[in-house]
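Residue numbers (the numbering used here): 100 to 185.
Note that the Cβ used here is the ideal one computed from N, Cα and C, for glycine as well.
Below: the structure, in structure tokens.
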């Protein structure tokens, strides 16, 4: 997903001989990233479930999720239990 919109435009023009606007290329890239990696919103909703699963499998693991006042993700710190024990 390292392609920039200009590179997408170039590839489409070379392969299909079609002119594509920068915004169309940008939107196509955004949609492709969402298909491959999921949305930011989905990731935010599942981060606590993911970290709880990690703690379940390695009970000594600790994590701290910090959000802003309006519930926006700011930072996640974690340390795996086996790493803490050394």
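Beta-bridge partners of residue i, as assigned by DSSP
{"i": "residue 177", "result": "162"}
{"i": "residue 172", "result": "166"}
Nearest residue (CA-CA) to residue i, options the options
{"i": "residue 101", "options": "108, 116, 183, 128", "result": "128"}
{"i": "residue 160", "options": "126, 184, 121, 117", "result": "184"}
{"i": "residue 173", "options": "179, 121, 163", "result": "163"}
Whole-angstrom distance between residue j and residue i, CA atom to CA atom
{"i": "residue 157", "j": "residue 142", "result": "21 Å"}
{"i": "residue 108", "j": "residue 155", "result": "46 Å"}
{"i": "residue 177", "j": "residue 112", "result": "45 Å"}
Coarse secondary structure for residue i, derived from DSSP in three states
{"i": "residue 109", "result": "helix"}
{"i": "residue 151", "result": "helix"}
{"i": "residue 117", "result": "coil"}
{"i": "residue 184", "result": "helix"}
Endpoints, the alpha helix (DSSP H) within which residue i is located
{"i": "residue 130", "result": "121-136"}
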